[in-house]
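Student: Following this message is one structure expressed as structure tokens.
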Amino acid sequence: MNIIVLLSAGRDPQSGTPRPVPVELQAIALALALATHLAPTTTITGLHAGEPDPSVLDALGHGLTTLTLLRTNPADDPLATLAAEIDRARPDLILAGRRGRGGTDSGLLPYRLARARAMPIAADAIAIEPDGNDLAILQSLPRGARRRLTLARPAIVTIHEAAPPARTFAFRARRSGTIHEKPGIPAPSPTDNHEIRPYRQRPRLIAETTQPTTAGHLMLAPTPETAAAAVLAYVEQFRGR
Amino acid sequence: MIRRDPRAERDAMVVSRTPRLRLDRTHRGGASLTRADAPVAAPTIIHIAEPAFLVFAVIEAAGGALNRHDRQVIGAARTLAGRDAAVVVLTPHLPSQAPDAIGTAGGDRTITLPTPTYDPERSAALIAQAITDHAPRHVVFPESADGGDLARRVAALTEADLFAGAESLTPTQAIRPAQAGRVELRATPPRLISIAPDRIAPYHGAPHAADPLPTPAAAATPGGIRAATTLAVDAATIPLDQAPLVIAAGNGVTDFAGFLDLARALGATPGASRVVCDAGALPRALQVGASGTVLNAECYIALGISGAPQHLQGIGTVEHIVAINTDLHAAIIARAGLAIIADAQDVMQALRAML
Amino acid sequence: MAFGALVLLAWLLLAGVAVQVGRLGLRWRRGAGASVDWLGGLRALPRRYLVDVHAVVARKPASSVMHQAIAGGLLAATGLLLLAAIPALFAAALYWLLIALAFAVALVGAVLVRRRRVPVKPASLSAGAFLTLPAYLGAYAAGGLIATLLPGVPGLLGVALAAFGGIGLVAQITGGPMRHAVAGALHLAAHPRPARFAGGAASDLVPLDLDAARLGVGTIGDFAWNRLLGFDACIQCGRCEEACPAFAAGQPLNPKALIQDFCAANRKGGTAYAGSPHPGIASPGPVLGVLHAETLWSCTTCRACVAACPMMIEHVDAVIDIRRNLTLEHGAAPGKADAVLAALRYAGNTGGLAPAQRLDFAAGLKLRVLAPGEAVDTLLWLGDGAFDRRYGATLRALIGIMRAAKLDFAVLGPAERDCGDLARRLGDEAGFAAQATVNVAMLGTMSFTRIVTADPHALHVLRQEYPAFGGHYTVVHHTALIDELITTNRITLGPATDTVITYHDPCYLGRYNGETAAPRRVLARLTGQAVEMARAREASFCCGGGGGAPVTDIPGKQRIPDLRMEQARETGASLVAVACPGCTAMLEGVIGPRPLVRDIAELVHEALQ
């Protein structure tokens, strides 16, 4: 099986320095776990369209041994470049993080790629197993819920933060990974009219309908039963929404 | 530039005024949101018969009812539509009384998407068809798990960009974070927008008449998702950092088998304080706090936990906290929404008896 | 007849020793190359032995007497016997009396050696071959004594007895306790860190060549040959075991067993280790074929073992060498280490926080932030403790003191990055080098006469470890600064109270940098009731916060800070004075009724007049 992990140029949210996107590192770990289920001929390749950003190279320290780097202008639309590489490499499975962290962070690219290559796409996977010619995907839903999907191959699967942790970073592996560098396809993005400003925290809405009546309430030495009833009432109110 | 109104901002942070004033300052700064507290004066129903344009609001309506995020999506669409345009709510099949709920939430029309099972490919095709049929100016999605997935599928199908996870929205400007949350992008609201939860106010004005529109006709195509089953949630197996409801045992708990039993009965994920893990009474993986797991729960029940600074760092973002402790001056009591000065072990047993 | 046989025996034994040393030498040759100043080392050997080693040995007077008797007697008797090959000496009756005296001293020594383990063997001493050692020593000494005193057949029998003992001892050079005698002497001459004998740097963590084929120590042969020699110098006296906080807490580390693991990894066969094992873990483990990784991650790098070792063995540098291999080549640092190292790599601080948050603690203080090209007298290095709300109080107190003294000082603010201490102790030398390089370059753009810090770890790294990266600074700990301000009357304190206070020495200030007096002088100005814990100064007991131990979080039976707080309680103190953000956090994390924990800066700030 031939697995491609899409890697994007990530940034540390606090310092802004290049840093791999954590969920993409988890995708590498899932690919490695999947490889243990499969024939030893399984190949896992990282794929990045852009410049050799340190954040992408650092993914080599997390269990990835091979990286294909398609040189394009970082401002280019990577779709054509990635689609062409997929046509060439013919992967059975393409993994991506559910959202990037450092660019537009819209999470749209895997879907555009799926559309461009007429592949099915499933979101927010936390486990992937082979299921005959298909793939069995375990999907993370809010509040710890899970959904099991069967997906035809080849497919694109995005990975959720609830997936198993990434492999730890090993400096030696980061240095010794193989990088194949090739030219990508220039594709200037249409200029968008976005204005960019430093991020500003805005207050979240406070749910007026779910304010428990007991909020900020203090009960001094109630009977255990009274206390228990108050706890249950409080918990039920928050659960009600 | 929005002028700041400190009083309104403070009002917006009020969690409860009785019996003592508590402010939620966990989310600092920023301009105040329009407070959607205008009382409904008269039950006049607003009809928009000749809309200037249409705005789609795609909702999830899981379980046949609108949730908070759905109402915020319709509220966002309402904001974009103003008084002259119509909000068309695209919804899964709803029970008969639900159209009223949609009208109350600010919807003028409904389009029912017939997808009895989880089939995001089909849903996306139907929405794309509806977009072709009705040419809405905007389509608003919830930036939720399934809603966000659907929004991206529609964006890919219609070859449009998605303004993902908007945190602020007016008819002339949408704002979303980017570059790892270090910057924000501002733009004139584009066609496809998804809104982050609890950022855009729901609609609280007079109800609209939500009239049904025909279901779009899209040819069924065999999809790549062959089967889908939703699995039952076992609270005990949810990773601690994802659990919505966590109950944790501290020094004041002595019966740990009883504690785990209570967690199971309550449907809560069990956690523990450092002391309890140090003593080996519960596994280290259950430790809540800066040196253990930092929670993202909505509700946290602390049994016999005093609330060391390290522990409080682990529950920094939890909105609803119940603390049961014998010490009135314990740090966790000040942090709790419901504080009970009692023996945690006794309350634990009473709770178990009630479930 | 007997005299001649005895001299012959001595020469035969010397030949035997030479053969055995040759065999040991082959073993040490497996190690990596190291440049050793043999001439200087051998010249310094008597001094190192008589002064440095003796200072440590003498902390246990009984052991000191025992060692002087057995080592002195044995060496003197054998040496004199060898010289008796000179006919003039051989003929001198007085000379033989001298030899008899030496054998008598050695015999007393042999009895004392036996008394160490009989009737009751202390837990920290090893058994095994050590139980037969007194017999060989006794046989050699008694046989020699008999042969020198009695003529005829009894004398010859004495030679036979001495031969039995002597051969036994020579045999024990490769596999048993006598290895210590030979390796010990050579180790003192070829010590891997000769600077320690001049009171120099407290560790020998040299920057790695990050492009090398092997990073750190992955096999026993990756240790430098003189480190292998050093391990063989161990006599298993158990002082490191008694000193080790991780061992006391029941974590799977016994420094004595660790050194013996290294010895075992470098030989085939030989006598098995018969001392206390690493608690709660089955030997052998996979690391170097002998160790479990948990053993290495239990170390708090407090160097209590190194300070307690009479043989000057460098346990902690060896631990870090192996950690380097585990972390850099295998990404194997456990617990939260990977997350913390990533935070450091990408955000420049161990919490992964926004660099600007380093000054959050000082809201309203209007600190001067030094910009590139600017100059100041004192640069206040905040350290990563600044991100911690609790330690912010200490820093505010220190700033209050510095302002009261009208010092010209400034901070680096967002430009400051973590010094890299945690990365280096966790074996991430690449991460440490990156931090050091950035910090040294940043400090190079500014001008200051000294750096003051309240963090002993930052102090140690900036003072002792940045020179290798081109950063040479005068670094002062805040307790030394406060001491100086009091002495020079730059600040005035109120009258001393009668609060009973005990001072906890931070390892990186006391043991690593030898600074134990200044904080005590300050404390003496604050209270008339300063009391000492049983383990203080260079023998201080770690808080459990060093070496990344809170990050790797290897479970034991107890927690190290709980043990230390118990030692503080025993003094009757109502307050534990600390001088390190790590110690503050660890000791304040102890639950239940306990003495208060306050940094010396806080106490001084409260006493300011």
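Chains as they are written, first to last, in the numbering used here: chain B, 1 to 241; chain U, 1001 to 1355; chain S, 2001 to 2609. No residue lacks a Cβ here, since even glycine has one placed at the ideal position from N, Cα and C. Owing to the predicted nature of the structure, the values given are computational and were not obtained by experimental measurement.
Around the C-beta of residue 2489 of chain S, are 16 or more other C-beta atoms found within 10 angstroms, so that it is buried, or is it exposed?
Tutor: Exposed: under 16 other Cβ atoms inside 10 Å.
Student: Please say whether residue 2509 of chain S and residue 2443 of chain S have beta carbons closer to each other than 9 Å?
Tutor: Not closer than 9 Å, so no.
Student: Identify whether residue 1105 of chain U lies in helix, strand or coil by the three-state DSSP scheme.
Tutor: Correct three-state label for residue 1105 of chain U: coil.
Student: Quick one: which chain B residues come within Cβ less than 8 Å of residue 2328 of chain S?
Tutor: Within chain B, the residues near residue 2328 of chain S are 170, 171 and 172.
Student: Does residue 2403 of chain S come out as helix, strand or coil in the three-state DSSP assignment?
Tutor: Helix.
Student: What's the C-alpha gap between residue 2071 of chain S and residue 2181 of chain S?
Tutor: Their Cα atoms are separated by approximately 8 Å.
Student: What residue range is occupied by the uninterrupted beta strand (DSSP E) comprising residue 181 of chain B?
Tutor: Start and end: 178 to 183.
Student: How many angstroms separate the CA atom of residue 1022 of chain U from the CA atom of residue 1308 of chain U?
Tutor: In this prediction, residue 1022 of chain U scores a pLDDT of 45, lower than 50, which makes its location untrustworthy; the coordinate-derived value is nonetheless stated afterwards. Answer to the nearest angstrom: the Cα atoms are 21 Å apart.
Student: Compare the C-beta of residue 12 of chain B with all C-beta atoms of chain S and state if any pair is closer than 9 Å.
Tutor: Taking Cβ atoms only, chain S reaches closer than 9 Å to residue 12 of chain B, which makes this a yes.
Student: Taking Cβ-Cβ distances below 8 Å as the criterion, which residues of the stretch 1153 to 1178 of chain U are in contact with chain S?
Tutor: Hits within the stretch: zero.
Student: Do you know how far the Cα of residue 2174 of chain S is from the Cα of residue 2309 of chain S?
Tutor: Approximately 21 Å, taken between the alpha carbons.
Student: Using the Cα positions of residue 2281 of chain S and residue 2483 of chain S, report the straight-line distance between them to the nearest angstrom.
Tutor: Rounded to whole angstroms, residue 2281 of chain S to residue 2483 of chain S spans 46 Å at the Cα level.
Student: Whole angstroms are fine: how far does the CA of residue 2265 of chain S sit from the CA of residue 2272 of chain S?
Tutor: Taking the straight line from one Cα to the other gives about 12 Å.
Student: Would you tell me roughly how many angstroms separate the C-alpha atoms of residue 18 of chain B and residue 57 of chain B, rounded to the nearest one?
Tutor: Cα to Cα, the separation comes out at about 10 Å.
Student: Evaluate contact between the stretch 1144 to 1162 of chain U and the stretch 1180 to 1188 of chain U, counting only Cβ atoms and requiring at least three cross-stretch pairs below 8 Å.
Tutor: They do not touch, by the three-pair rule.
Student: Between the C-alpha atoms of residue 1065 of chain U and residue 1071 of chain U, what's the straight-line distance to the nearest angstrom?
Tutor: Going by the C-alpha atoms only, they are around 10 Å apart.
Student: Excluding the 5 residues flanking residue 1101 of chain U on each side, which residues of the same chain have their C-beta closer than 6 Å to its C-beta?
Tutor: Hits under 6 Å: 1066.
Student: Quick one: using the 10 Å Cβ neighbour count with 16 as the cut-off for buried, is residue 2203 of chain S buried or exposed?
Tutor: Under this definition residue 2203 of chain S is a buried residue.
Student: Tell me, please, whether the stretch 2355 to 2374 of chain S touches the stretch 2452 to 2463 of chain S by the rule of three or more beta-carbon pairs shorter than 8 Å.
Tutor: Output reads no: the stretch 2452 to 2463 of chain S does not touch the stretch 2355 to 2374 of chain S.
Student: What are the start and end residues of each continuous alpha helix (DSSP H) run of 4 or more residues lying completely inside the stretch 1227 to 1276 of chain U, in chain order?
Tutor: With a minimum length of 4 residues, the continuous alpha helix (DSSP H) runs that stay inside the stretch 1227 to 1276 of chain U are 1256 to 1266.
Student: Which one or two residues does DSSP pair with residue 1200 of chain U in a beta bridge?
Tutor: None, per the DSSP bridge assignment.
Student: Hey, how far is the Cα of residue 1028 of chain U from the Cα of residue 26 of chain B?
Tutor: Low confidence applies here, because residue 1028 of chain U scores a pLDDT of 39, under 50, leaving its location unreliable; read the following figure in that light. So the alpha carbons of these two residues sit roughly 31 Å apart.
Student: With 9 Å set as the bound, which would you pick, yes or no: does the beta-carbon of residue 124 of chain B sit closer than that to a beta-carbon of chain U?
Tutor: Yes - at least one Cβ of chain U is within 9 Å of the one on residue 124 of chain B.
Student: Since residue 2610 of chain S contacts residue 2102 of chain S with CB under 8 Å, what's their CB separation in whole angstroms?
Tutor: The displayed coordinates of chain S run from 2001 to 2609. Any statement about residue 2610 of chain S would go beyond what the structure contains.
Student: If you compare alpha carbons, which of U:1300, U:1103 and U:1355 is closest to residue 1324 of chain U?
Tutor: For residue 1324 of chain U, the nearest C-alpha among the options comes from U:1300.
Student: Going by CA-CA distance only, name the one from B:63, B:30 and B:21 that's closest to residue 2332 of chain S.
Tutor: Of the listed residues, the one whose Cα sits closest to residue 2332 of chain S is B:63.
Student: For residue 1320 of chain U, would you say it is in contact with chain B, using Cβ-to-Cβ distances shorter than 9 Å as the test?
Tutor: Residue 1320 of chain U counts as touching chain B.
Student: Out of S:2183, S:2012 and S:2065, state which residue places its alpha-carbon closest to the alpha-carbon of residue 2023 of chain S.
Tutor: Here the closest residue by C-alpha is S:2183.
Student: Determine whether the beta carbon atoms of residue 117 of chain B and residue 86 of chain B lie at a separation below 9 Å.
Tutor: Yes, these two residues count as a Cβ contact at 9 Å.
Student: Round the Cβ separation of residue 29 of chain B and residue 166 of chain B to the nearest angstrom and send it over; I've been treating them as touching at under 8 Å.
Tutor: The pair is a contact, with the Cβ atoms about 5 Å apart (cut-off 8 Å).
Student: Against chain B, with Cβ distances strictly below 9 Å, would residue 2119 of chain S count as a contact?
Tutor: No, its Cβ sits nowhere closer than 9 Å to a Cβ of chain B.
Student: Could you confirm whether any beta carbon from chain B is found closer than 9 Å to the beta carbon of residue 2211 of chain S?
Tutor: Closer than 9 Å: yes.
Student: What distance in whole Å lies between the Cβ atoms of residue 193 of chain B and residue 1115 of chain U, which are believed to be in contact at a cut-off of 8 Å?
Tutor: The pair is not a contact, with the Cβ atoms about 35 Å apart (cut-off 8 Å).
Student: Of all Cβ atoms in chain B, is any one closer than 9 Å to the Cβ of residue 1306 of chain U?
Tutor: Cβ-Cβ to chain B under 9 Å: no for residue 1306 of chain U.
Student: Taking residue 2353 of chain S as the query, report the chain B residues whose CB atoms sit under 8 Å from its CB, ordered along the chain.
Tutor: Near residue 2353 of chain S (Cβ distances below 8 Å), the residues of chain B are 14.
Student: Examine chain B for any beta-carbon lying closer than 9 Å to the beta-carbon of residue 2512 of chain S, and answer yes or no.
Tutor: Closer than 9 Å: no.
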